[in-house]
Amino acid sequence: MKISIVSPVYKAEKIIPILVERIEKAVSKITNDFEIILVEDCGPDDSWAVIEKISTIKPNVIGIKLSRNFGQHNAITAGLDYAKGDWIVVMDCDLQDQPEEIEKLYNKGIAGFDIVFARRAKRQDAFFKRTNSKIFYKLFSYLTDTEQDSSVSNFGIYKKNVIDSIKLMGDDFRVFPILIQWVGFNKCYIDVDHSSRYEGKSTYSTIKLLKLAFDMIISFSEKPMLLGMKLGIIVSLFSVILSMYYLICYLSGIILVPGYASLSILITFSTGLIITFLGLVGLYIGKISIQVKERPKYIIKSKIN
Numbered sequence: 007m008k009i010s011i012v013s014p015v016y017k018a019e020k021i022i023p024i025l026v027e028r029i030e031k032a033v034s035k036i037t038n039d040f041e042i043i044l045v046e047d048c049g050p051d052d053s054w055a056v057i058e059k060i061s062t063i064k065p066n067v068i069g070i071k072l073s074r075n076f077g078q079h080n081a082i083t084a085g086l087d088y089a090k091g092d093w094i095v096v097m098d099c100d101l102q103d104q105p106e107e108i109e110k111l112y113n114k115g116i117a118g119f120d121i122v123f124a125r126r127a128k129r130q131d132a133f134f135k136r137t138n139s140k141i142f143y144k145l146f147s148y149l150t151d152t153e154q155d156s157s158v159s160n161f162g163i164y165k166k167n168v169i170d171s172i173k174l175m176g177d178d179f180r181v182f183p184i185l186i187q188w189v190g191f192n193k194c195y196i197d198v199d200h201s202s203r204y205e206g207k208s209t210y211s212t213i214k215l216l217k218l219a220f221d222m223i224i225s226f227s228e229k230p231m232l233l234g235m236k237l238g239i240i241v242s243l244f245s246v247i248l249s250m251y252y253l254i255c256y257l258s259g260i261i262l263v264p265g266y267a268s269l270s271i272l273i274t275f276s277t278g279l280i281i282t283f284l285g286l287v288g289l290y291i292g293k294i295s296i297q298v299k300e301r302p303k304y305i306i307k308s309k310i311n
C-alpha cells in the first residue's frame, strides 16, 4: 500500500461524500494504490450510515465506528493502527485541510523527509480562536521546552516508521501533533492553503478548548510543579525577611503599631498557594492513576472493509 489517508469524522454526514471524492481525485495523481480510513467518533448525526454506503461501493474506503465518543485524537489513533500505507496522511474531515495539498506534501516527503507538516499560511478561523491559539502555544512551548507552532495542526504526511514509533507510545492522553514533534525524525514544514469550514462550526467549545489546554500542560510538562516549588521558596524567603524585620524592630526598641492585616494577608496567601499546589499534585497523581489502569484508547463497534 502506497498511501493511507486517515480522517477522524464527527458530525460530517454532508461533508463525507465530498471529502472522499476530493481525496480520490487528488491522490490518484500520485498513485492508485491508496486507502481512505474514516473513523466515526460516535457523533449524533448519520455520518456512519454515509460511510457504510460509500464503503460498500468503494473497497479502498475503510470505515471504523467507535463504541462511544473517544475524542478526535483517539479516533486518529484508531485510524493509524489500521493504516497500511508506506506514507500516512492525517487530515480533519471539515475540508479546512484541502485534499489537493496532499500531492505537495508527498513530493516534499519523497525528497528526503520523514515528516512533512502542513503549515496554514492564512488560517481561516475567527480572530478570537487564532489569538488564543497563538498565546496558548507560546505558553505550552515554554512549559514543555519544545517548539510548537500554532499554524500547524494534524494535517501532514508521515512515513510509516514515524507512525510505528507513535504506536509504541503508551500515553493515555494523546495529542497527535505533539506526539509527532516528540518522536523526532527528519521533518520540514510547507505552507498550504487553509479554507473556511465547509459546513457548520467547530465542535470545540471554549470550555472544551480550555480543558484540552489544561490536560495538555499537565500531561506533557512537569514545569508547573517546578514553578510551584520556586514560588513556595520565594514566599518562604519573604516570610523569613519579614520575620527578621520584626525582630530587628523589637531589638531596636521600635514599637510597631499592633495589627493583624499583614499577618492575615500572608497567612491567606500562603494557604491559597498550598491548596492550589496540592490540587496540582492531585491532578498529576490522577493522570498517573489513569495511565496505570491501561484502559484501551478506543473501542471499535463496527468496521467495514
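FYI, the numbering for the sequence shown is 7 to 311, going by the numbering used here.
Ideal Cβ positions, reconstructed from N, Cα and C, are used throughout, including at glycine.
Any 3 or more C-beta pairs closer than 8 Å across the segment 44-56 and the segment 16-23: yes
Anticipated Cβ contact below 8 Å, V158 with F123, distance rounded: Sure, about 5 Å apart at Cβ, within 8 Å.
Neighbour-count burial assignment, T282, 16 or more Cβ in a 10 Å radius: exposed
Closest Cα partner of I60 within the set I280, D177, L44, C99: L44
Reduced DSSP secondary structure (H/G/I, E/B, other) of D103: strand
Separation of C99 from K307, as counted between CA atoms: 20 Å
Supposed contact pair I82 and N160 - C-beta distance, whole angstroms, cut 8 Å: Indeed they touch by this definition, with Cβ atoms about 7 Å apart.
Selected residue, minimal CA-CA separation from L25, among A55, E106, A84, F76: Checking every option, the nearest Cα to that of L25 belongs to E106.
Every unbroken beta strand (DSSP E) within the segment 11-69, with a cutoff of 3 residues, ordered by chain: Entirely contained in the segment 11-69, the beta strand (DSSP E) runs reaching 3 residues are, in chain order, 40-46.
Coarse secondary structure for V189, derived from DSSP in three states: helix
Beta-carbon proximity check, Y164 vs I121, cutoff 9 Å: yes
Extent of the continuous beta strand (DSSP E) run through N160: 158-165
Assigned secondary structure, Y304 (DSSP; H/G/I helix, E/B strand, else coil): In the structure shown, Y304 falls within a coil segment according to DSSP collapsed to helix, strand and coil.
Residue interval of the beta strand (DSSP E) (run including I121): 121-126
Residues of its chain near G303, where Cβ-Cβ distance is below 6 Å and the 5 sequence neighbours each way are ignored: A small correction: the amino acid at residue 303 is Lys; Gly does not occupy that position in the sequence shown. Once the five neighbours on either side are set aside, the close Cβ partners of K303 are N80, T83.
Paired residues, beta bridge with K1 - DSSP: Since the first residue shown for the chain is 7 and the last is 311, residue 1 is missing from the structure and cannot be characterised.
Inter-residue spacing [alpha-carbon to alpha-carbon] between E46 and K35: In this structure, the straight-line span from the alpha carbon of E46 to that of K35 is close to 27 Å.
Burial state of M97 (16 or more Cβ within 10 Å): buried
Through-space distance from I273 to C194, alpha-carbon basis: 52 Å
Terminal residues of the beta strand (DSSP E) in which I94 lies: The continuous beta strand (DSSP E) containing I94 extends over residues 93-96.
Sequence-distant residues of its chain with Cβ nearer than 6 Å to D4 (five each side left out): Residue 4 lies beyond the range of the chain shown here (7 to 311); nothing can be said about it.
For D199, the residue or residues it bridges with in DSSP: According to DSSP, D199 bridges with nothing at all.
Contacts around V12, its chain only, beta-carbon distance under 8 Å, and the 5 residues preceding and following it disregarded: Counting only Cβ-Cβ distances below 8 Å, and skipping sequence neighbours, we find I43, V45, I82, G85, L86, A89, I94, V95, V96, M97.
Distance between beta carbons of R301 and V198, contact taken as under 8 Å: Not a contact, Cβ separation roughly 36 Å.
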